[in-house]
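Peer 1: I am attaching a structure below and will ask some questions about it afterwards.
Residue numbers (UniProt numbering): 1 to 614.
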């Protein structure tokens, strides 16, 4: 709220000899302000100076208020009145939503005093004022007490802050009462007395002999062991609002503990005890935690036509062999005492095969193991097709390119690109196709087979038959869609341990260890390390971690390739000529036999090697 107070200044008249120019004076008309008085000077015949009013004053000429630029002569009766202003203050007390604070907000009253500013002579004089502000308290002590009483504020009042606020002339917010917050309780929690990991590696010294039977200790329990303990929630402590009300703390969260198969719950509901030997697991669904002991399926004898395929939601132990054409699938770990020949063994956990592996597919880590291997290829295929589309567009838009050569389609252009910049794509397609063949049926399907046939037609078999750009654009789009479909969440690290491997594919999200004579004409793909104590001859190793090999390659030059990640170290006891080892995309090809090889990338990304020629 504003209130105007007008105060007049002495009138400035244009009459009198002091305001007239002397004869012959060449100075033009002007006006000025001195000591709050407006002075006008001009020749009798004119012209006249101009005066412009400003906010905060009233310019009255001959009894009429002027608000715009106004000519003023010596005969006019001019009065300038300054307008003082009073702005009313206000105050309020509010309680915070949580009831823990009472806040006093103050905006003091204000009086603005104005005086006409002195101004030098000017033909067009813009008037100005000098302002001075004075702030006044707006709150009385009795008024504040009445407001506190009206709002019911009676707890934690800071009377010193209240007293300071009554006399304050500042615009501010002051906490004048503070309650006591409630202290929340502690949620109930579950203590698992077993490792949540399905396996725990056994620490070994570097000099110790590798024994695949003792590489890992799989998590297991005996009957009678306590598996889990429930710790009940702890209640909180109530608080008090500024109105004296009790603030009840949020109730701590609790959960129910239950026992699944192979386990029992104690009478007080706070412990789960194993009822049998097996692998303990815990699962949570909303406020229910269930602890179970998964049984281990023990199959005595061979897995063959007499037994049928074995698919089990737990661990599998096979005392015999897995024979040709058979399949073993487990949601847990697989332990095969004999050999695996012409078969497929797949597990979500780790796989231990004490015998040899012949012409088989072994995958540890579930579907994630297959996706781990196929994702780099579908990435390369999708990126290659997208870049080819961009290259075709650029060539078609280039003025030097003859569009008349493509009347029958863009096939010649596609073939030209595949023979040049994109000559790697046919190999990517073939590798992708070979990996799809070993995927589980639930991951592949007719639509993926149809996509592969179309990619082969355009990229591998008949690129000259490509009709228009839309064919390549569609393939690139579908490749991106398959890449997205194959992208999965990170999986656990599951290992494969075997004696020796021949003509097989081994896939693991964790480590691959071959502890017998070696690996021949096989493909190994590991998310972590690969260790082959014997010979690796023919085929390829792809490892995300370090690679440790006894011997690599052969005297007759059998194609042998090792590929490791950029942070990996590859160590080999002996390497034959024509073998190749890649670390982080940098390839080292051996043109002679060498021993004691160690390859790695330095900080600048350069491939470093250490070895001795034979």
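Beta carbons: idealized from backbone N, C-alpha and C, even for Gly. Nothing here was measured: the structure is a model prediction, and the numbers come from that model.
(1) Closest Cβ-Cβ distance between residue 129 and chain D: below 9 Å?
(2) Comparing C-alpha positions only, which one of 590, 585, 545, 577 sits nearest to residue 570?
(3) Whose C-beta lies closer than 6 Å to the C-beta of residue 71 among residues of the same chain, with five residues either side of it excluded?
(4) Give the C-beta separation of residue 182 and residue 174 to the nearest angstrom, bearing in mind that I take them to be a contact with Cβ-Cβ under 8 Å.
(5) Quick check: the Cα distance between residue 606 and residue 429, rounded to an integer number of angstroms?
(6) In this structure, how does DSSP classify residue 577 when only helix, strand and coil are distinguished?
(7) May I have a chain-ordered list of the beta strand (DSSP E) segments no shorter than 3 residues that lie completely inside the region 259 to 343?
(8) Less than 6 Å between C-beta atoms, sequence neighbours within five positions excluded: which residues of the same chain meet that for residue 131?
(9) Rounded to whole angstroms, how far is the Cβ of residue 53 from the Cβ of residue 66, which I believe are closer than 8 Å?
(10) Let me confirm a value: residue 390 is counted as buried when at least 16 other C-beta atoms fall within 10 Å, else exposed. Which label applies?
(11) So, is residue 91 buried or exposed, given that buried needs 16 or more other C-beta atoms within 10 angstroms?
(12) Using 8 Å for Cβ pairs, my map puts residue 553 next to residue 526. What's the rounded Cβ distance?
(13) DSSP three-state label for residue 594, please.
(14) Any idea which residues DSSP pairs residue 91 with across the strands?
(15) Count the other C-beta atoms from every protein chain shown that fall within 10 angstroms of the C-beta of residue 467, then say buried if there are 16 or more, exposed otherwise.
(16) Who pairs with residue 526 in a beta bridge, going by DSSP?
(17) Does residue 398 come out as helix, strand or coil in the three-state DSSP assignment?
(18) Here's the rule I'm using: 16 or more other beta-carbon atoms within 10 Å means buried, otherwise exposed. How should residue 616 be labelled?
(19) Counting pairs of beta carbons, one from the region 301 to 321 and one from the region 330 to 339, are three or more of them closer than 8 Å?
(20) Roughly how many angstroms separate the alpha carbons of residue 514 and residue 413, rounded to a whole number?
(21) When we look at the beta-carbon of residue 116 and count the other beta-carbons within 10 Å, is it buried (16 or more) or exposed?
(22) Using the C-alpha atoms, what's the distance from residue 63 back to residue 38?
(23) Pull the bridge partners of residue 231 from the DSSP assignment, please.
(24) Out of 437, 463, 382, point me to the one whose CA is closest to residue 408's CA.
(25) When DSSP labels each residue in this structure, what does residue 170 get in the three-state scheme?
(26) Spatial neighbours of residue 134 within its chain, please: C-beta separation below 6 Å, excluding the five flanking residues on both sides.
(27) Enumerate in chain order the residues of its own chain whose CB-to-CB distance from residue 190 is below 8 Å, with the five nearest sequence positions on each side excluded.
(28) May I ask you to list the residues that DSSP assigns as paired with residue 517?
(29) Compute the beta-carbon to beta-carbon distance between residue 573 and residue 550, rounded to the nearest angstrom, for a pair I have assumed lies under 8 Å.
(30) For residue 152, which residues in the same chain have their Cβ closer than 8 Å to its Cβ, ignoring the five residues on either side in sequence?
(31) Identify which residue in 437, 611, 184, 101 has its Cα closest to the Cα of residue 156.
(32) Are there 16 or more other CB atoms within 10 angstroms of the CB of residue 561, so buried, or fewer, so exposed?
(33) Check for me: the beta strand (DSSP E) holding residue 134 runs from which residue to which?
(34) Could you spell out where the beta strand (DSSP E) holding residue 498 opens and where it closes?
(35) If you run the structure through DSSP and keep just helix, strand and coil, what is residue 376?
(36) In this structure, how does DSSP classify residue 461 when only helix, strand and coil are distinguished?
Peer 2: Let me lay it out:
(1) No chain D is present in this structure, which holds just one protein chain.
(2) 545
(3) 48, 50
(4) Contact flag wrong, Cβ pair sits at about 24 Å.
(5) 30 Å
(6) coil
(7) 263 to 265, 271 to 274, 279 to 285, 288 to 294, 296 to 299, 310 to 312, 315 to 318, 327 to 330, 334 to 336
(8) Once the five neighbours on either side are set aside, the close Cβ partners of residue 131 are 112, 114.
(9) 6 Å
(10) exposed
(11) With a 10 Å radius around the Cβ and a threshold of 16 neighbouring Cβ atoms, residue 91 comes out buried.
(12) Going by Cβ atoms, the distance from residue 553 to residue 526 rounds to 19 Å, so no, they are not a contact pair.
(13) strand
(14) Bridge partners of residue 91: 106.
(15) exposed
(16) 508, 543
(17) coil
(18) Summary: the structure shown does not reach residue 616, with the chain confined to residues 1 through 614, and so no result is reported for it.
(19) yes
(20) Looking at the backbone, the Cα of residue 514 and that of residue 413 are separated by about 48 Å.
(21) buried
(22) 16 Å
(23) Residue 231 pairs with 189.
(24) That would be 463, whose Cα lies nearest to the Cα of residue 408.
(25) coil
(26) 111
(27) 228, 229, 230, 231, 255, 257, 282, 289
(28) Paired residue(s): none; residue 517 is not in a bridge.
(29) 5 Å
(30) 243, 244
(31) 101
(32) buried
(33) Its beta strand (DSSP E) spans residues 129 to 136.
(34) 496 to 498
(35) helix
(36) helix
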